[in-house]
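Working notes, beginning with the structure itself.
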Amino acid sequence: QKEVEQDPGPLSVPEGAIVSLNCTYSNSAFQYFMWYRQYSRKGPELLMYTYSSGNKEDGRFTAQVDKSSKYISLFIRDSQPSDSATYLCAMTSGGSNYKLTFGKGTLLTVNP
Amino acid sequence: EAQVTQNPRYLITVTGKKLTVTCSQNMNHEYMSWYRQDPGLGLRQIYYSMNVEVTDKGDVPEGYKVSRKEKRNFPLILESPSPNQTSLYFCASRTLTDTQYFGPGTRLTVL
């Protein structure tokens with residue numbers, strides 16, 4: 001079983017839709033969870049950063065972590081064409097192990 | 001402006017010709033790493049460094065070397081590149097407790 005599983009998509013939605021992106025993981029030591037957005041021909045940029053279980057909201061973006069189910073989600077409300085990108089989940093156990101483990105990314109297209 | 005820079009951004013080379021991709025960060029970060037990104041395989045860590053003169057292998061270190069003589073620089077060296085090293089490479093840096101910042105990427109083609 002891979003440490004982090006992420007559906008690669010592609011996912012295509014109309015402008016204004018609510019988008020749900022998800023990752024599952026197997027390592028119960030993971031405590032820090034991130035979502036990165038990567039535009040074509042660019043490096044990944046951090047979108048959301050959460051610690052342990054719960055929700056975090058930032059504008060149109062909400063990150064959810066359910067450690068009991070080993071499942072994380074990113075919701076995008078009122079999606080815009082500018083949200084079209086690849087979204088990567090990432091996670092780490094922190095402590096003395098600073099390595100990030102990434103999902104393979106989900107390609108999202110928001111159609112005007 | 002806080003950033004991670006990489007050079008060159010694009011490189012086409014031939015098998016066996018040694019090359020170096022430079023990486024520099026201006027955020028005084030301790031931790032730096034190199035990734036390669038391939039379709040269907042995602043981001044895979046090549047090497048990382050937790051501080052000056054401290055480096056360690058990531059998931060796919062074969063065929064690569066790194067050095068960390070200064071805190072801000074972390075070059076990636078391919079002593080004898082092969083076509084299977086054709087990829088998109090990212091340098092990244094972070095503090096030990098903070099988030100990770102990525103460079104803009106280097107697209108390498110080995111013929």
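If you read the protein sequences in the order shown, they are chains A and B. Sequential numbering of the first sequence, starting at 1, is according to the working numbering. Sequential numbering of the second sequence, starting at 1, is according to the working numbering. C-beta atoms are modelled at their ideal positions from N, C-alpha and C, and glycine is treated no differently.
Buried/exposed call for residue i, threshold 16 Cβ in 10 Å
i	result
Y39/A	exposed
Q25/B	buried
R77/A	exposed
A2/B	exposed
G103/A	buried
I18/A	exposed
L43/B	buried
P81/B	buried
Residue i versus residue j: straight-line alpha-carbon distance, rounded
i	j	result
L100/A	M27/B	19 Å
E57/A	K42/A	25 Å
S79/A	G16/B	47 Å
V14/B	V110/B	5 Å
E45/A	R9/B	17 Å
E79/B	T20/B	8 Å
G58/B	I12/B	25 Å
D7/A	E62/B	28 Å
K70/A	I77/B	37 Å
K67/A	K18/B	45 Å
M34/A	C89/A	6 Å
R37/A	T86/B	23 Å
D56/B	L88/B	21 Å
N51/B	T24/A	31 Å
G103/B	A92/B	6 Å
R36/B	F74/B	15 Å
8 Å Cβ cutoff met for residue i and residue j
i	j	result
Q31/A	Y51/A	yes
L74/A	M48/A	yes
T86/A	T106/A	yes
Q45/B	T22/B	no
Run of the beta strand (DSSP E) containing residue i, from where it starts to where it stops
i	result
T55/B	54-57
I76/A	71-76
D38/B	31-38
M34/A	32-38
G59/A	Here G59/A belongs to no beta strand (DSSP E), and DSSP marks it neither H nor E.
T5/B	4-7
Given a limit of 7 Å on CB to CB distance, which residues of the stretch 91-102 of chain B reach chain A?
For chain A, the residues of the stretch 91-102 of chain B that bring a beta carbon within less than 7 Å of one of its beta carbons are L96, T99, Q100, F102, in chain order.
Chain B contacts from the stretch 42-57 of chain A (Cβ-Cβ distance under 8 Å)
K42, G43, P44, E45, L46, Y49
Note down, in chain order, all residues in the stretch 38-49 of chain B with a beta-carbon under 9 Å from any beta-carbon belonging to chain A.
Listed in sequence order: G40, L41, G42, L43, R44, Q45, Y48.
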